[in-house]
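Participant: In our numbering, the protein residues as written are 511 to 733. For each residue, glycine too, the CB sits at the ideal point set by N, CA and C. Please read all numbers here as calculations on a predicted model, not as lab measurements.
So this is what it looks like as structure tokens:
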């Protein structure tokens, strides 16, 4: 994938499909972080893969983010700034955080290249996650990254739209009065709006198309 395309198309995903990613793709994404800049070439990061559903659920609770529990994998990014601090003093703490961010960005772009999806989660109770994964106190947790395939909404087929239209027509005023073919308007949620002063239950409809529901199809569900 072109780098410019990966940068522009990368986005946070909070809803995943049931399809499970290949763990080998995940390992390849993690491998990309070793090319991120590290102060003094002291690599201070660890990327921990969590696949156990019970542990994923516990981490989701620690993050107060329910969608994490539905991911197939979590990647917990940890850093141990000890060697960086020893080399650079107090500024080593800043360097450790900076290089963690650079490494995570490498990972995010590689995830995009693999057509996988994730979301950078930074809100969590550190001690709960450390206890669940047996991480020592001196290690910092930098991020939680759920991994999966993005859930994609599919457009309904013409048949599905027509079948839904049959039920709409069945309860329409036109059907009750005339018992004949019924014309209905088809539109999406983004094509409706509510203007000031409009009565409850009334909406302004923008772009729409009209389809005809046949009398015989309505009669079938009325029996």
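So within the segment 541-619, which uninterrupted beta strand (DSSP E) runs reach at least 3 residues, ignoring any that extend past its ends?
Facilitator: With a minimum length of 3 residues, the continuous beta strand (DSSP E) runs that stay inside the segment 541-619 are 555-560 and 583-589.
Participant: Residue 723 to residue 524, Cα distance in whole Å?
Facilitator: Cα to Cα, residue 723 sits roughly 38 Å from residue 524.
Participant: Does DSSP put residue 728 in a helix, in a strand, or in coil?
Facilitator: Of the three classes helix, strand and coil, the one that applies to residue 728 here is helix, per DSSP.
Participant: Using 8 Å as the Cβ pair cut-off and three pairs as the minimum, do the segment 676-691 and the segment 712-727 touch?
Facilitator: Yes: at least three Cβ pairs fall under 8 Å.
Participant: How is the alpha helix (DSSP H) around residue 650 delimited, first residue to last?
Facilitator: Element bounds for residue 650: not the alpha helix (DSSP H) but the beta strand (DSSP E), 650-657.
Participant: Tell me whether residue 545 is buried or exposed, calling it buried when 16 or more other Cβ atoms sit within 10 Å of its Cβ.
Facilitator: Its Cβ having fewer than 16 others within 10 Å, residue 545 is exposed.
Participant: If we call anything under 8 Å between Cβ atoms a contact, is residue 555 one with residue 569?
Facilitator: For residue 555 and residue 569, no; Cβs fall outside 8 Å.
Participant: Where do the ends of the alpha helix (DSSP H) carrying residue 640 lie?
Facilitator: Start and end: 636-643.
Participant: Are there 16 or more other CB atoms within 10 angstroms of the CB of residue 594, so buried, or fewer, so exposed?
Facilitator: Under this definition residue 594 is a buried residue.
Participant: Based on the DSSP secondary-structure assignment, which residues constitute the bridge partners of residue 627?
Facilitator: DSSP lists 658 as partners of residue 627.
Participant: Just the C-alpha distance for residue 634 and residue 648, rounded to the nearest angstrom, thanks.
Facilitator: One C-alpha to the other measures close to 17 Å.
Participant: Which residues mark the beginning and the end of the alpha helix (DSSP H) in which residue 523 is found?
Facilitator: Neither: residue 523 is in no alpha helix (DSSP H) and is coded neither H nor E.
Participant: In its own chain, which residues sit with a C-beta less than 6 Å from the C-beta of residue 558, not counting the 5 before and 5 after it?
Facilitator: Same-chain partners within the cutoff: 586.
Participant: Quick check on residue 669: does DSSP put it in helix, strand or coil?
Facilitator: DSSP places residue 669 in helix when its eight states are reduced to three.
Participant: Are there three or more Cβ pairs, one per stretch, closer than 8 Å when the segment 512-523 is compared with the segment 637-652?
Facilitator: The segment 512-523 vs the segment 637-652: no contact.
Participant: Could you tell me the alpha carbon to alpha carbon distance between residue 642 and residue 565, rounded to whole angstroms?
Facilitator: Taking the straight line joining both Cα atoms gives about 7 Å.
Participant: Pick from 537, 573, 571 and 599: whose alpha carbon is nearest that of residue 549?
Facilitator: Ranking the options by Cα distance to residue 549, first place goes to 599.
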